[in-house]
DNA sequence: ATGAGGATTCCA
DNA sequence: GGAATCCTCATC
């Protein structure tokens, strides 16, 4: 019998955001806005490790209206606008006052592909449908007004199923687009499902 | 009040 | 390689 189980608060509340980012590979991200379900398997994530991580919006304790949700409880969302047009969907982890977050960078779409096509304005299904963080949010209908939402809700959550993967199926690399972060730009905080065609390409 | 820049994407 | 596009945040 196929299992499909929503992840609970104790998955998100843990201290090691890098481990959680790794464990999110293979899980299923589900949105059910207005009763319309879309979902996909997570194949690429990036950990942002809070106040000591130069690449994080919370680096050095930076705390603003936009990033406030990262300082809240784990198991919530942080969604922000990038370049004025792309919604970036993040999972907030750890406890209150520890601003850890994980950017979901790519999915392998499973349910609701026709809806994803409508939302993204694409005319045909290809690997770019849910490749890259901007496309992930667009395909699942996630916008900045969904920031601070609980991932224990029925509208937006992450689930595990029977999907099996071995440790060697997951590869760690440096994060994308964080060259401004000095030495922290080289940290192996990006995780991908090896050889999955939906994974975005590492820039050189 | 102002302006620089961004955890990106798409097209030429 | 370059534009799109606009909010956020540090600084003035």
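Residue numbers (my numbering): 2 to 205. Glycine included, every Cβ here is placed at the ideal spot set by N, Cα and C. As the structure is a computational prediction, the values presented were derived from the model and not from experiment.
A contact is defined here as three or more CB-CB pairs under 8 Å, and the stretch 3–19 fails this definition with respect to the stretch 120–131.
Here the stretch 144–153 lies against the stretch 68–82, with 3 or more beta-carbon pairs under 8 Å apart. In this structure the stretch 13–23 lies against the stretch 94–109, because at least three pairs of beta carbons, one per stretch, are closer than 8 Å. DSSP places residue 2 outside both helix and strand once states are collapsed to three, so it counts as coil. Residues 80, 81, 82 and 88 of the same chain have their beta carbon placed closer than 8 Å to that of residue 145, with the five preceding and five following residues left out of the count. When Cβ pairs closer than 8 Å are counted between the two stretches, the stretch 158–169 is seen not to touch the stretch 130–139, the count staying below three. Rounded to the nearest angstrom, the gap between the Cα atoms of residue 105 and residue 177 is 12 Å. In the three-state scheme derived from DSSP, where H, G and I count as helix and E and B as strand, residue 183 is classed as helix. Sequence-distant Cβ neighbours of residue 86 in its own chain, meaning closer than 8 Å and more than five residues away, are 135. Nearest in C-alpha terms to residue 44, of all of 12, 28, 99 and 55, is 28. Residue 7 is bridged by DSSP to 160. Boundaries of the beta strand (DSSP E) around residue 88: 87–94. For the pair residue 70 and residue 148, the CB atoms are nearer than the 8 Å cut-off. Residue 38 is bridged by DSSP to 33. Two segments are said to touch when three or more pairs of C-beta atoms, one from each, lie closer than 8 Å; by this definition the stretch 32–41 does not touch the stretch 173–189. Residue state for residue 167 is assigned as coil, using DSSP reduced to three classes.
Under DSSP, no beta-bridge partner is assigned to residue 111.
Comparing alpha carbon positions, the residue from 51, 63 and 199 closest to residue 108 is 199. Within the same chain, and ignoring the five residues on either side of residue 68 in sequence, the residues whose Cβ sits closer than 6 Å to its Cβ are 58 and 59.
Annotated three-state conformation of residue 78 is strand, per DSSP.
Assigned with DSSP and collapsed to three states, residue 173 falls in strand.
Straight across, the Cα-Cα distance linking residue 159 with residue 180 is about 30 Å.
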